[in-house]
Amino acid sequence: MKTHVMLHPRAEELLVERALRPLSDAEQAELASLGIDADADDSFDVAAAAVMVATTRIEPMPADMFDRLAERTGAVASQPPAPTTPAPVIPIDRARKGRRVSAAWVAAAAAAGIVLATGAGMYLRRDGATPTATPAEARADLLGGGTRALAWTATADATAKGATGDVVWSDAKQRGYMRFVGLAANDPKAWQYQLWIFDRTRDQAFPVDGGVFDVSSTGEVIVPITAKLHVDQATLFAVTVERPGGVVVSKRERIVVTAKPS
Amino acid sequence: MEPLAVQEPLLARIAAGDRAAMRECLTRYSGLVWSIARRFELGDAEDAVQEIFLDLWKSAARYDGNVASESVFIAMIARRRLIDRRRMRGRRPVTESIADEPQVAAAGSSPEASAEASQAARALDRLKPDQRRVLVLSACHGMSHGEIAEATGLPLGTVKAHVRRGLISIRVALLGVQEEPA
């Protein structure tokens, strides 16, 4: 690929447009007349794709869809896809089963600054998180390190009736977890929950997207926070109901719960 | 965003017709492509994902690890297909699937992962909020300048300027060169 570092302003404008939509024949001819071989310079497309990767919350493809995809694309799969990120919601009961290190044990060890090693090779990193920790364990780990839990305040939205829980977020570690009890389960094909984090250092009109998530049980669930941008100083957390996949800017028509440091 | 880990490159193997690499590629990147397609497509994201991977098999030989990581290259292929689908849908509501066999060719590759995505995230963070929002609506949701102007209430000229300056800033950050004053 030939990347043009210094570009004629009009050529630059056309290459930007080309990364966003197909150019007309006249625009392609104009680009060629400016000495640019558009097919040889993908740098604006790469930039747009990098923005896409940087801002996309990666969700595992449903297993049945993966099987169909493998068959139809000539790559018959021998096993279902491995999620590239942890499952967004793990009921606590299920998460606790079979774990070699309990949440309380991890939290206590983290508070004491102890490095653990088990027969399974699980250990604590210097930041206190275990590489294979469940959300419940990682949340306990944050709490054990002194991060406070902020209780949710439910709104009058029907999904939040009787809902309780809290949010644990560390600005320093850029990690956090939401805990809910009694929040209504959602149909991911119809709508999803989305977290917004208000940062004192940012325009309050544009809170940071904290990730889209689903709730499959009205029991206790813990959801990892996946902030799309760096949060310097979180001042308010709010969960809204949005269309599947979430939105870039919420209309805030249905706010479900909020949490604010006292 | 969770960064994708550095892993063995696959596209060169796919370009050479290695079906095991195709399976591995699906396993590794189906979540990324699925998630991208869902941002663009209100309708049949599954059909879009299928088209994207068929495009990818045919485009694998063009992958150059010196230009982009595999994840960004795949996202680029996905965006192009999704933009094309949106354009086609304007004229023809029903899309057709592609059923070509992958092209067999030789290509170079790089084990680099998505370092550019991290660079892009940092560059995005440096943009003004309006500029960042407009760029994401354009680059990640495929909205036209007019649609963005309508959705945000910003003047059309401002939207165009935000998209242009924003994407130039990201490109400059990825190329590692000094940006010229606006």
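Each protein sequence line maps, in turn, to chains A and B. According to my numbering, the stretch in the first sequence is residues 237 to 498, in order. According to my numbering, the stretch in the second sequence is residues 942 to 1123, in order. Each residue gets a CB set at the ideal place from its N, CA and C atoms; glycine is no exception. Keep in mind the model is a prediction, meaning the values are calculated, not measured.
Under the rule that 16 or more other beta-carbon atoms within 10 Å means buried, what is residue i, buried or exposed?
i                      : result
residue 1097 (chain B) : exposed
residue 555 (chain A)  : With chain A represented from 237 up to 498, any question about residue 555 (chain A) goes unanswered, as that position is not in the structure.
residue 971 (chain B)  : buried
residue 354 (chain A)  : With a pLDDT of only 28 at residue 354 (chain A), under the threshold of 50, the placement of this residue in the model should not be trusted, and no figure is reported.
residue 1035 (chain B) : Legend: pLDDT at residue 1035 (chain B) = 30, less than 50; position of this residue unreliable, no value from coordinates given.
residue 373 (chain A)  : buried
residue 484 (chain A)  : buried
residue 969 (chain B)  : buried
residue 1107 (chain B) : buried
residue 440 (chain A)  : exposed
residue 324 (chain A)  : The predicted position of residue 324 (chain A) is uncertain, since its pLDDT is 35 and thus under 50; no value can be drawn from it.
residue 1067 (chain B) : exposed
residue 268 (chain A)  : exposed
residue 963 (chain B)  : buried
residue 1094 (chain B) : exposed
residue 1105 (chain B) : buried
residue 476 (chain A)  : buried
residue 430 (chain A)  : buried
residue 279 (chain A)  : buried
residue 949 (chain B)  : exposed
residue 1029 (chain B) : exposed
residue 1016 (chain B) : buried
residue 307 (chain A)  : exposed
residue 253 (chain A)  : buried
residue 389 (chain A)  : exposed
residue 406 (chain A)  : buried
Alpha carbon to alpha carbon, what distance is there between residue j and residue i?
i                      : j                      : result
residue 1073 (chain B) : residue 1057 (chain B) : 17 angstroms
residue 474 (chain A)  : residue 391 (chain A)  : 10 angstroms
residue 482 (chain A)  : residue 428 (chain A)  : 7 angstroms
residue 496 (chain A)  : residue 291 (chain A)  : 25 angstroms
residue 377 (chain A)  : residue 447 (chain A)  : 21 angstroms
residue 321 (chain A)  : residue 294 (chain A)  : Annotation note: pLDDT 39 at residue 321 (chain A) (below 50); position unreliable, no value reported.
residue 1084 (chain B) : residue 1001 (chain B) : 27 angstroms
residue 277 (chain A)  : residue 958 (chain B)  : 26 angstroms
residue 1003 (chain B) : residue 436 (chain A)  : 44 angstroms
residue 479 (chain A)  : residue 445 (chain A)  : 14 angstroms
residue 395 (chain A)  : residue 489 (chain A)  : 13 angstroms
residue 259 (chain A)  : residue 1078 (chain B) : 19 angstroms
residue 951 (chain B)  : residue 296 (chain A)  : 19 angstroms
residue 247 (chain A)  : residue 493 (chain A)  : 48 angstroms
residue 426 (chain A)  : residue 1076 (chain B) : 27 angstroms
residue 1117 (chain B) : residue 457 (chain A)  : 43 angstroms
residue 443 (chain A)  : residue 465 (chain A)  : 10 angstroms
residue 953 (chain B)  : residue 1006 (chain B) : 10 angstroms
residue 452 (chain A)  : residue 1086 (chain B) : 37 angstroms
residue 999 (chain B)  : residue 992 (chain B)  : 11 angstroms
residue 255 (chain A)  : residue 981 (chain B)  : 15 angstroms
residue 251 (chain A)  : residue 1102 (chain B) : 14 angstroms
residue 1008 (chain B) : residue 1109 (chain B) : 16 angstroms
residue 300 (chain A)  : residue 433 (chain A)  : 34 angstroms
residue 257 (chain A)  : residue 304 (chain A)  : 30 angstroms
residue 1069 (chain B) : residue 1111 (chain B) : 13 angstroms
residue 371 (chain A)  : residue 423 (chain A)  : 22 angstroms
residue 379 (chain A)  : residue 449 (chain A)  : 22 angstroms
residue 1089 (chain B) : residue 1071 (chain B) : 11 angstroms
residue 262 (chain A)  : residue 1063 (chain B) : 36 angstroms
residue 985 (chain B)  : residue 1014 (chain B) : 23 angstroms
Quick check on residue i - is its C-beta less than 7 angstroms from some C-beta in chain E?
i                     : result
residue 442 (chain A) : Chain labels in this structure do not include chain E; the protein chains are A and B.
- Cβ contact check for the segment 1012 to 1027 of chain B and the segment 279 to 287 of chain A: 3 or more pairs under 8 angstroms: yes
- Item | At least 3 beta-carbon pairs within less than 8 angstroms: the segment 370 to 387 of chain A vs the segment 400 to 416 of chain A | yes
- Task: Below 8 angstroms between beta carbons is the criterion; list the residues of the segment 465 to 484 of chain A that meet it against any residue of chain B, in chain order.
- Result: 465, 466, 480, 481, 484
- Message: Under 8 angstroms: do the segment 416 to 427 of chain A and the segment 465 to 472 of chain A share three or more Cβ pairs, one atom per stretch?
- Response: no
- Inside the segment 434 to 469 of chain A only - beta strand (DSSP E) runs reaching at least 3 residues: 444 to 449, 456 to 460
- Message: What ranges does the alpha helix (DSSP H) occupy inside the segment 254 to 279 of chain A, keeping only unbroken runs of at least 4 residues that lie completely in it?
- Response: 261 to 269
- Message: Closer than 9 angstroms between beta carbons: that is the criterion. Which residues of the segment 284 to 302 of chain A meet it against chain B?
- Response: 284, 285, 286, 287, 288, 289, 290, 291, 292, 293, 294, 295, 296, 297, 298, 301, 302
- Taking Cβ-Cβ distances below 7 angstroms as the criterion, which residues of the segment 952 to 979 of chain B are in contact with chain A? 960, 963, 964, 967, 968, 971, 972, 973, 975, 976, 977, 979
- Task: May I have a chain-ordered list of the alpha helix (DSSP H) segments no shorter than 4 residues that lie completely inside the segment 1074 to 1110 of chain B?
- Result: 1086 to 1093
- Message: Please identify, using Cβ separations under 9 angstroms, the residues of the segment 1053 to 1082 of chain B that lie next to chain A, in order along the chain.
- Response: 1055, 1057, 1058, 1059, 1060, 1061, 1062, 1063, 1064, 1065, 1066, 1069, 1070, 1071, 1073, 1074, 1076, 1077, 1078, 1079, 1080, 1081, 1082
- Query: Going along the chain, which residues of the segment 246 to 258 of chain A sit with their C-beta nearer than 8 angstroms to a C-beta in chain B?
  - Reply: 248, 249, 252, 255, 256, 257, 258
- Item | Every unbroken beta strand (DSSP E) within the segment 361 to 401 of chain A, with a cutoff of 3 residues, ordered by chain | 385 to 387
- Message: Please give me, in chain order, every unbroken run of the alpha helix (DSSP H) with length at least 4 that falls completely inside the segment 982 to 1040 of chain B.
- Response: 986 to 1000, 1011 to 1032
- the segment 403 to 437 of chain A: which residues have C-beta closer than 8 angstroms to a C-beta of chain B, in chain order? none
- Message: Counting only Cβ-Cβ distances shorter than 7 angstroms, please list the residues of the segment 1086 to 1099 of chain B near chain A, keeping chain order.
- Response: none
- Members of the segment 266 to 281 of chain A near chain B, C-beta cut-off 9 angstroms: 278, 279, 280, 281
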